[in-house]
Ligand code: XMP
């Protein structure tokens, strides 16, 4: 169904008629009459057909941006992290598992210990797999529940050569399969138990409730988290094409991955379309986002092949050199607008990937037609991003590099695949340092704050209204200069603004 004509259509048509394609600095949203208080707006949106967001911010599938630590934090703040693919399928699966097991409503397949395993073996497994929890139901060789190992059991065990059956707590409080979270909470409070194993009529272990998670869900302290129907944090993962996609998917599906992205520099390609169709044939329930593209015809081809979300952005990224090296591309705001017209017709969410520099670029991207934004450099350098802090010239930095940079491609098949190269390495990105930014929650608070303010100025009380009410003005370079602070020597940048060169 064709969408109704919007205010911004006239603006973009005019620009197209004079041959102008635009990016973030070229435009700002027009202000309008408002009754909307920024603090009251709803930021709920969609990343893909079935994957909701509480805030429309997604972290880039890059090896200097998203591994489990950042994915956990961003999902707790309402967004979504996409685990990169410069990892083996096994490593990537483990990263996803660490997000999925971070919190739980009902754990359907708890990680167990066998009664004949030594404590040292269990501790080793815990460390190797990166589990952060300490509670292990203990089963015998027939799979029957015989005890439980708790944090106390590990803490008070001074001989790790002992077997689980010698250390575990044997007096178990259990519940039957099928009890709901409220009933589980009541039992745990009454019995003062931090874990409640669920068993079937033959004493087989069929689930586990953990008190901290159950309490968080019951008391509503996780209402802003982006969690799935089982109470686990949502997370996505990048995959390649053909064999790589299948190898990763087989593992990721077992960890209940929420969404995958066929992550390539050129999404409108035979390999992406064939891989997409293959995935949708075998896993019709799994949301698959495809990208990256910048033309509306590409969006239509991918949607017709079954894409549940479209990712737009070829070359706008802070570390990208694609447009310079290959001579292709479309400035990001125009690319998002053109693709969004197709996505809207088919009701498929669009993610604007790359090129954002300030919080004000978020309402611009969404007003243009995106349902969410993907960020690399704006999240790189946070405490939760992979990598160590580096000290240079008296300041703290962290590494940030393009997935198509020489360093990333030299060492990683995932990067080579993204850029469709085998041996001849022609980089499409750079590597470098970004200032250390501190904790993600403080950074996102500012980004989300900027988005809310933008919505207040436009008079949009939710993301859909922002997409519908948005109208734009073209800014000349004089207009851009006027928008930044001027005629002052800035002695201290505020937390949401960096002066050029800072
Ligand atoms: P920002 O601007 O947020 O962009 O840092 C992040 C996005 O850039 C893309 N990306 C690349 N594009 N060469 C490119 O042309 C690269 O080496 C590269 N690495 C990442 C990617 O879409 C990411 O989300």
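Residue numbers (the numbering used here): 967 to 1468. Just so you know, even glycine gets a beta-carbon here, dropped at the ideal spot from N, CA and C.
Is it buried or exposed for residue i, if we count other Cβ within 10 angstroms and need 16 for buried?
{"i": "residue 981", "result": "buried"}
{"i": "residue 1460", "result": "exposed"}
{"i": "residue 1217", "result": "buried"}
{"i": "residue 1354", "result": "exposed"}
{"i": "residue 1047", "result": "buried"}
{"i": "residue 1051", "result": "buried"}
{"i": "residue 1418", "result": "buried"}
{"i": "residue 1303", "result": "buried"}
{"i": "residue 1136", "result": "exposed"}
{"i": "residue 970", "result": "exposed"}
{"i": "residue 1142", "result": "exposed"}
{"i": "residue 1290", "result": "exposed"}
{"i": "residue 1198", "result": "buried"}
{"i": "residue 1003", "result": "exposed"}
{"i": "residue 1377", "result": "exposed"}
Could you tell me if the beta carbon of residue i falls within a distance shorter than 6 Å of some heavy atom in the ligand SAH?
{"i": "residue 1305", "result": "Of the ligands one can find in the structure shown, namely the ligand XMP, none is the ligand SAH."}
Determine the extent of the beta strand (DSSP E) in which residue i is found, giving its start and end residues.
{"i": "residue 1203", "result": "1202 to 1205"}
{"i": "residue 1025", "result": "1023 to 1025"}
{"i": "residue 1256", "result": "1253 to 1259"}
{"i": "residue 1310", "result": "Run containing residue 1310: none in the beta strand (DSSP E); it sits in the alpha helix (DSSP H), 1298 to 1312."}
{"i": "residue 1163", "result": "1161 to 1165"}
{"i": "residue 1238", "result": "Segment 1236 to 1248 is the alpha helix (DSSP H) holding residue 1238; no beta strand (DSSP E) there."}
{"i": "residue 994", "result": "993 to 995"}
{"i": "residue 1019", "result": "1017 to 1019"}
{"i": "residue 1048", "result": "1046 to 1049"}
Can you tell me whether residue i is helix, strand or coil according to DSSP?
{"i": "residue 1099", "result": "coil"}
{"i": "residue 1441", "result": "coil"}
{"i": "residue 1092", "result": "helix"}
{"i": "residue 1277", "result": "strand"}
{"i": "residue 1394", "result": "coil"}
{"i": "residue 1380", "result": "helix"}
{"i": "residue 1011", "result": "strand"}
{"i": "residue 1453", "result": "coil"}
{"i": "residue 1222", "result": "coil"}
{"i": "residue 1188", "result": "coil"}
{"i": "residue 1212", "result": "helix"}
{"i": "residue 1464", "result": "coil"}
{"i": "residue 1180", "result": "helix"}
{"i": "residue 1133", "result": "helix"}
{"i": "residue 1080", "result": "strand"}
{"i": "residue 1282", "result": "coil"}
{"i": "residue 1403", "result": "coil"}
{"i": "residue 972", "result": "coil"}
Where do the N-terminal and C-terminal ends of the alpha helix (DSSP H) with residue i fall, by residue?
{"i": "residue 1175", "result": "Per DSSP, residue 1175 belongs to no alpha helix (DSSP H); it is in the beta strand (DSSP E), 1171 to 1176."}
{"i": "residue 1055", "result": "1055 to 1066"}
{"i": "residue 1419", "result": "1406 to 1424"}
{"i": "residue 1317", "result": "Looking at the DSSP string, residue 1317 is not in any alpha helix (DSSP H); the run it does join, the beta strand (DSSP E), is 1316 to 1319."}
{"i": "residue 1121", "result": "1117 to 1121"}
{"i": "residue 1128", "result": "Taken as a continuous stretch (DSSP letters only), residue 1128 belongs to no alpha helix (DSSP H), as it is neither H nor E."}
{"i": "residue 986", "result": "Careful: residue 986 lies outside any alpha helix (DSSP H) and carries neither H nor E."}
{"i": "residue 1432", "result": "1429 to 1435"}
{"i": "residue 1147", "result": "1147 to 1157"}
{"i": "residue 1262", "result": "1262 to 1270"}
{"i": "residue 1040", "result": "1034 to 1042"}
Report yes if the C-beta of residue i is less than 6 Å from at least one heavy atom of the ligand XMP; otherwise report no.
{"i": "residue 1347", "result": "no"}
{"i": "residue 1317", "result": "no"}
{"i": "residue 1161", "result": "no"}
{"i": "residue 1296", "result": "no"}
{"i": "residue 1340", "result": "yes"}
{"i": "residue 1390", "result": "no"}
{"i": "residue 1369", "result": "yes"}
{"i": "residue 1288", "result": "yes"}
{"i": "residue 1150", "result": "no"}
{"i": "residue 1394", "result": "yes"}
{"i": "residue 1325", "result": "no"}
{"i": "residue 1130", "result": "no"}
{"i": "residue 1380", "result": "no"}
{"i": "residue 1011", "result": "no"}
{"i": "residue 1321", "result": "yes"}
{"i": "residue 1037", "result": "no"}
{"i": "residue 1398", "result": "no"}
{"i": "residue 1204", "result": "no"}
{"i": "residue 1331", "result": "no"}
{"i": "residue 1343", "result": "yes"}
{"i": "residue 1284", "result": "yes"}
{"i": "residue 1301", "result": "no"}
{"i": "residue 1275", "result": "no"}
{"i": "residue 1335", "result": "no"}
Under a CB-based cut-off of 7 Å, is residue i close to chain B?
{"i": "residue 1225", "result": "Going by chain labels, chain B is absent from the structure shown, which holds only one protein chain."}
Inset, instruction - Scan the region 1324 to 1363 and note each continuous alpha helix (DSSP H) run of 4 residues or more that stays entirely inside, going in chain order. - result: 1327 to 1334
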